[in-house]
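Residue numbers (the UniProt record's numbering), protein chains in the order written: chain A, 1 to 412; chain C, 1 to 412.
From the three backbone atoms N, C-alpha and C, an ideal C-beta is built for every residue, glycine too.
Number of protein chains: 2
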Amino acid sequence: MKKNVLIIGAGGVAQVVAHKCAQNNDILGDIHIASRTKAKVEKIIASVHEKKAMKQPGIFEGHALDALDIEATKDLIRKTNSQIVINVGTAFLNMSVLRACMDTGVAYIDTAIHEEPGKICETPPWYGNYEWKRAAECEEKGITAILGAGFDPGVVNAYARLAKDEYLDKVTDVDIVDINAGSHGKYFATNFDPEINFREFTGVVYSWQNNQWNVNKMFEIGKDYDLPVVGTRRAYLCGHDEVHSLAKNMDGADVRFWMGFGDHYINVFTVLKSLGLLSEQPVKTAEGLEVVPLKVVKAVLPDPASLAPGYEGKTCIGDYVKGLKDGKERTVFIYNVADHKEAYEEVGSQGISYTAGVPPVAAAILVATGEWDAKKMVNVEELPPKPFINVLNRIGLQTCIRDENGDRELSF
Amino acid sequence: MKKNVLIIGAGGVAQVVAHKCAQNNDILGDIHIASRTKAKVEKIIASVHEKKAMKQPGIFEGHALDALDIEATKDLIRKTNSQIVINVGTAFLNMSVLRACMDTGVAYIDTAIHEEPGKICETPPWYGNYEWKRAAECEEKGITAILGAGFDPGVVNAYARLAKDEYLDKVTDVDIVDINAGSHGKYFATNFDPEINFREFTGVVYSWQNNQWNVNKMFEIGKDYDLPVVGTRRAYLCGHDEVHSLAKNMDGADVRFWMGFGDHYINVFTVLKSLGLLSEQPVKTAEGLEVVPLKVVKAVLPDPASLAPGYEGKTCIGDYVKGLKDGKERTVFIYNVADHKEAYEEVGSQGISYTAGVPPVAAAILVATGEWDAKKMVNVEELPPKPFINVLNRIGLQTCIRDENGDRELSF
Numbered sequence: 001m002k003k004n005v006l007i008i009g010a011g012g013v014a015q016v017v018a019h020k021c022a023q024n025n026d027i028l029g030d031i032h033i034a035s036r037t038k039a040k041v042e043k044i045i046a047s048v049h050e051k052k053a054m055k056q057p058g059i060f061e062g063h064a065l066d067a068l069d070i071e072a073t074k075d076l077i078r079k080t081n082s083q084i085v086i087n088v089g090t091a092f093l094n095m096s097v098l099r100a101c102m103d104t105g106v107a108y109i110d111t112a113i114h115e116e117p118g119k120i121c122e123t124p125p126w127y128g129n130y131e132w133k134r135a136a137e138c139e140e141k142g143i144t145a146i147l148g149a150g151f152d153p154g155v156v157n158a159y160a161r162l163a164k165d166e167y168l169d170k171v172t173d174v175d176i177v178d179i180n181a182g183s184h185g186k187y188f189a190t191n192f193d194p195e196i197n198f199r200e201f202t203g204v205v206y207s208w209q210n211n212q213w214n215v216n217k218m219f220e221i222g223k224d225y226d227l228p229v230v231g232t233r234r235a236y237l238c239g240h241d242e243v244h245s246l247a248k249n250m251d252g253a254d255v256r257f258w259m260g261f262g263d264h265y266i267n268v269f270t271v272l273k274s275l276g277l278l279s280e281q282p283v284k285t286a287e288g289l290e291v292v293p294l295k296v297v298k299a300v301l302p303d304p305a306s307l308a309p310g311y312e313g314k315t316c317i318g319d320y321v322k323g324l325k326d327g328k329e330r331t332v333f334i335y336n337v338a339d340h341k342e343a344y345e346e347v348g349s350q351g352i353s354y355t356a357g358v359p360p361v362a363a364a365i366l367v368a369t370g371e372w373d374a375k376k377m378v379n380v381e382e383l384p385p386k387p388f389i390n391v392l393n394r395i396g397l398q399t400c401i402r403d404e405n406g407d408r409e410l411s412f
Numbered sequence: 001m002k003k004n005v006l007i008i009g010a011g012g013v014a015q016v017v018a019h020k021c022a023q024n025n026d027i028l029g030d031i032h033i034a035s036r037t038k039a040k041v042e043k044i045i046a047s048v049h050e051k052k053a054m055k056q057p058g059i060f061e062g063h064a065l066d067a068l069d070i071e072a073t074k075d076l077i078r079k080t081n082s083q084i085v086i087n088v089g090t091a092f093l094n095m096s097v098l099r100a101c102m103d104t105g106v107a108y109i110d111t112a113i114h115e116e117p118g119k120i121c122e123t124p125p126w127y128g129n130y131e132w133k134r135a136a137e138c139e140e141k142g143i144t145a146i147l148g149a150g151f152d153p154g155v156v157n158a159y160a161r162l163a164k165d166e167y168l169d170k171v172t173d174v175d176i177v178d179i180n181a182g183s184h185g186k187y188f189a190t191n192f193d194p195e196i197n198f199r200e201f202t203g204v205v206y207s208w209q210n211n212q213w214n215v216n217k218m219f220e221i222g223k224d225y226d227l228p229v230v231g232t233r234r235a236y237l238c239g240h241d242e243v244h245s246l247a248k249n250m251d252g253a254d255v256r257f258w259m260g261f262g263d264h265y266i267n268v269f270t271v272l273k274s275l276g277l278l279s280e281q282p283v284k285t286a287e288g289l290e291v292v293p294l295k296v297v298k299a300v301l302p303d304p305a306s307l308a309p310g311y312e313g314k315t316c317i318g319d320y321v322k323g324l325k326d327g328k329e330r331t332v333f334i335y336n337v338a339d340h341k342e343a344y345e346e347v348g349s350q351g352i353s354y355t356a357g358v359p360p361v362a363a364a365i366l367v368a369t370g371e372w373d374a375k376k377m378v379n380v381e382e383l384p385p386k387p388f389i390n391v392l393n394r395i396g397l398q399t400c401i402r403d404e405n406g407d408r409e410l411s412f
């Protein structure tokens with residue numbers, strides 16, 4: 001049984017991960033958290049103690065770490081005797097942290113695909129460009145590496161697998177829908193790191209349809225979804241990590257990702273993108289200073305963590321999975337609804353951070369209990385979904401289903 | 001008789017000034033042009049020769065100069081034996097170039113108010129913060145310094161004075177209206193240096209009404225103007241240099257400045273301003289780089305000079321001057337209409353640069369002939385307007401009037 005967790009990162013998601021690890025430290029053992037800025041981890045630890053999140057007395061320590069430095073990361077893993085690393089730092093760190101885990105023989109969990117600073121929207125499948133190149137070595141060494149174990153990617157991958165296992169004989173379409181019906185009250189803000197958020201949408205949109213990669217432009221295809229709790233919302237076909245593994249693992253079903261956007265977001269995004277201000281490529285000012293415009297946009301936008309106190313409303317994220325059951329067409333919608341204010345009251349973060357931060361802790365719990373200790377590199381849909389959904393139900397994210405029999409909670 | 005001109009700057013306006021000086025080098029003598037970047041002045045000189053702009057054989061030389069370096073500027077004035085300096089460099093240079101002129105005893109002409117990089121929209125009257133503090137010294141030394149001798153400020157100041165002298169017994173209202181009805185075909189661009197352009201509109205709006213400074217927000221007050229040639233256009237009350245001198249020199253009349261903006265400009269401006277991207281104050285990126293957002297916006301926007309080849313349509317800039325004549329209320333509209341394409345064909349710049357660049361050359365000609373060699377610091381409305389209008393008519397900007405007798409050209 002693996003125990004002792006090292007959390008990497010100190011943003012809004014890391015805050016949730018920290019609280020949830022503390023709340024489950026009877027299973028997870030010692031908790032360590034590391035980030036470039038020590039003050040940020042100290043703040044998170046203070047919040048954990050303030051909320052009395054530790055289930056039982058135990059270790060919760062903070063460390064300064066540049067996680068691009070593989071040797072330093074390995075030293076910290078060894079020094080803390082960590083056996084599970086939850087990487088919720090910036091997406092630029094994945095391959096460095098994964099290498100440190102592979103070299104020290106510990107389990108690796110992340111929530112988003114690896115990215116290189118100077119590149120966006122690389123050739124699909126995205127996992128093939130970085131993570132999957134380490135799959136054979138992970139299997140050979142018996143390293144558990146769970147990729148994309150946030151909500152989306154993550155829980156939505158488990159929902160697709162669940163629909164395939166339980167509700168359909170054959171899956172033809174997986175449409176993942178992510179709606180944030182909450183309001184932060186600011187003129188404009190992104191719900192997680194603006195740099196990563198905008199990088200998701202400045203390239204082309206890849207979807208998997210008719211067994212091939214399909215290319216669209218951002219905001220080219222919109223669709224109204226009538227959803228539980230949040231009502232009818234307009235969502236747009238977007239590129240997203242999970243499409244790139246489900247394309248391989250859903251037996252040829254079409255896989256599309258839809259995200260809800262209001263007209264105001266689209267207007268601001270369109271202005272910034274059209275002007276070139278979302279570019280990840282440096283420009284030179286008249287004074288000769290080289291600067292990446294996107295990093296300046298990030299600098300002027302509100303820190304996503306700062307949105308939490310005033311955030312109100314709910315999120316609804318789930319999978320419309322369509323296919324055949326007993327020879328007839330059937331669609332199920334498996335989903336979760338989260339509440340921004342409840343999330344803030346419990347762990348001091350808003351709902352988007354909450355939905356992203358709870359699942360990797362559920363995954364860590366399942367690695368600790370052995371149920372998900374795969375001893376190889378996997379995407380979430382390659383693991384049994386029911387224990388995951390059960391842990392999520394228990395630790396803060398309730399799974400529901402809507403089908404011909406109505407809406408109801410799911411557990412196993 | 002003063003002669004020999006040193007042009008400072010190498011942007012779109014400097015290009016026009018260079019061509020117009022060349023076209024009038026029988027009056028103006030040797031022409032020199034200096035800018036930080038030597039390559040830019042060489043390009044302008046090449047354009048002057050390509051268009052065969054030199055009226056008679058003569059000197060037209062380029063120089064590299066950091067015009068913030070007062071001693072270097074003095075050296076260049078002396079070395080070139082210049083007697084008139086036309087400063088059309090960035091607005092941050094004014095006080096340095098003025099000082100160099102005062103120390104060398106030559107005439108100074110500029111087209112926009114002095115600005116300090118870290119400040120916007122200072123206390124009115126703006127001229128009182130910098131330029132007018134040198135007025136006594138100019139008068140004592142007999143230095144001719146003509147402030148704001150572009151179109152607006154500049155020609156519009158002369159129009160206000162002309163209306164007061166010729167068409168009204170008492171002026172009650174001066175409404176300056178600046179409409180660019182042209183199209184550059186880009187998603188978004190500013191017609192002159194984006195940094196200076198945006199700085200005009202990110203502060204509050206000062207107007208002079210009821211003998212006091214009145215404060216509004218940008219885009220708070222809009223009004224449709226039905227204008228010659230360009231038709232009905234929506235203009236907004238804005239802050240602008242000329243309000244700050246006319247407030248003093250129009251015997252207590254209200255002075256307002258209106259600029260035309262399309263909805264698209266307003267939307268882009270509003271997004272950028274609301275996000276903080278038009279700020280002149282530095283921010284720090286996550287990587288610790290200090291950068292002024294406005295300078296990054298400038299870096300991603302098209303170079304205003306690059307707009308010229310495809311620019312089409314016309315500008316209309318003028319003064320609605322209202323008051324009493326023979327005991328009855330009367331309004332005259334004195335204006336110019338310029339054409340982007342004609343400007344480009346003649347001097348290689350678009351119409352906005354053309355309207356800004358022709359007037360300081362007209363002023364230089366009048367300094368050279370002695371008619372405007374004031375031997376003190378003046379704003380344009382303090383000089384006789386008729387010779388100015390006559391020279392402008394001759395060198396490319398025709399003045400017209402619209403009143404109860406219809407539209408017609410004006411000359412004296």
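query: Proximal residues to residue 161(A) (C-beta, below 6 Å), its chain only, five neighbours per side dropped; result: 381 and 385
query: Within-7 Å CB hit, residue 276(C) to chain A; result: yes
query: Minimum C-alpha distance to residue 225(A) - residue among 218(A), 202(A), 212(A) and 258(A); result: 258(A)
query: Rounded Cβ spacing between residue 413(C) and residue 240(C) (contact assumed at less than 8 Å); result: The structure shown has nothing for residue 413(C), since chain C only spans 1 to 412.
query: Of the listed residues 284(C), 318(C) and 341(C), nearest to residue 310(C) (C-alpha basis); result: 341(C)
query: Distance, residue 185(C) Cα to residue 48(C) Cα; result: 26 Å
query: Cβ contact check for the segment 351–362 of chain A and the segment 203–223 of chain A: 3 or more pairs under 8 Å; result: no
query: Per-residue burial, residue 379(C) [other beta carbons within 10 Å of its own, 16 or more giving buried]; result: buried
query: Check whether residue 106(C) and residue 179(C) have beta carbons under 7 Å apart; result: no
query: Assigned secondary structure, residue 414(A) (DSSP; H/G/I helix, E/B strand, else coil); result: Nothing can be reported for residue 414(A), as the shown portion of chain A is limited to 1 through 412.
query: Inter-stretch contact at 8 Å, needing at least 3 Cβ pairs: the segment 388–405 of chain C / the segment 48–66 of chain C; result: no
query: Residue 238(A), enclosing beta strand (DSSP E) - first and last residue; result: 231–238
query: Helix, strand or coil at residue 35(C) according to DSSP, with G and I counted as helix; result: strand
query: Chain A contact for residue 285(C) (CB, 7 Å cutoff); result: yes
query: Best match in 402(C), 88(C) and 350(C) for proximity to residue 336(C) [C-alpha to C-alpha]; result: 402(C)
query: Limits of the unbroken alpha helix (DSSP H) element including residue 345(C); result: 340–347
query: Residue 191(C) - containing alpha helix (DSSP H), residue span; result: That residue, residue 191(C), is in no alpha helix (DSSP H); it is neither H nor E in DSSP.
query: Residues from the UniProt domain "Saccharopine dehydrogenase NADP binding" (5–146) of chain C in contact with chain A, defined by Cβ distance under 7 Å; result: none
query: Residue 70(A) vs residue 100(A) beta-carbon contact at 7 Å; result: yes
query: Where residue 242(A) falls: helix, strand or coil (DSSP); result: helix
query: Identity of the residue in 27(C), 343(C), 256(C) and 349(C) nearest residue 176(C) by Cα; result: 256(C)
query: Beta-bridge partners of residue 208(A), as assigned by DSSP; result: 213(A) and 255(A)
query: Endpoints, alpha helix (DSSP H) assigned at residue 399(C); result: Neither: residue 399(C) is in no alpha helix (DSSP H) and is coded neither H nor E.
query: Residue closest to residue 129(A), alpha-carbon to alpha-carbon, out of 202(A), 115(A), 304(A) and 163(A); result: 115(A)
query: Residues that residue 312(A) bridges to, as DSSP identifies them; result: 183(A)
query: Cβ neighbours of residue 295(A) in the same chain (closer than 7 Å, five flanking residues each side left out); result: 195
query: Neighbourhood of residue 40(C) by C-beta, 6 Å cutoff - its chain only, sequence neighbours within 5 removed; result: 10
query: Closest residue to residue 326(A) among 167(A), 374(A), 203(A) and 81(A) (Cα-Cα distance); result: 167(A)
query: Short CB-CB distance (under 7 Å) between residue 293(A) and chain C; result: yes
query: Contact check, residue 16(C) vs residue 353(C), beta carbons under 7 Å; result: yes
query: Anticipated Cβ contact below 8 Å, residue 377(A) with residue 135(A), distance rounded; result: 4 Å
query: Where the beta strand (DSSP E) containing residue 358(A) begins and where it ends; result: Taken as a continuous stretch (DSSP letters only), residue 358(A) belongs to no beta strand (DSSP E), being part of the alpha helix (DSSP H) at 351–369.
query: Integer-rounded CB distance, given that residue 283(C) should sit under 8 Å from residue 300(A); result: 6 Å
query: Contact belief for residue 350(A) with residue 356(A) at Cβ below 8 Å, rounded distance in angstroms; result: Wrong, their Cβ atoms sit about 10 Å apart, outside the cutoff.
query: For residue 408(C), the residue or residues it bridges with in DSSP; result: 401(C)
query: CB contact flag (residue 323(A), residue 156(A), <7 Å); result: no
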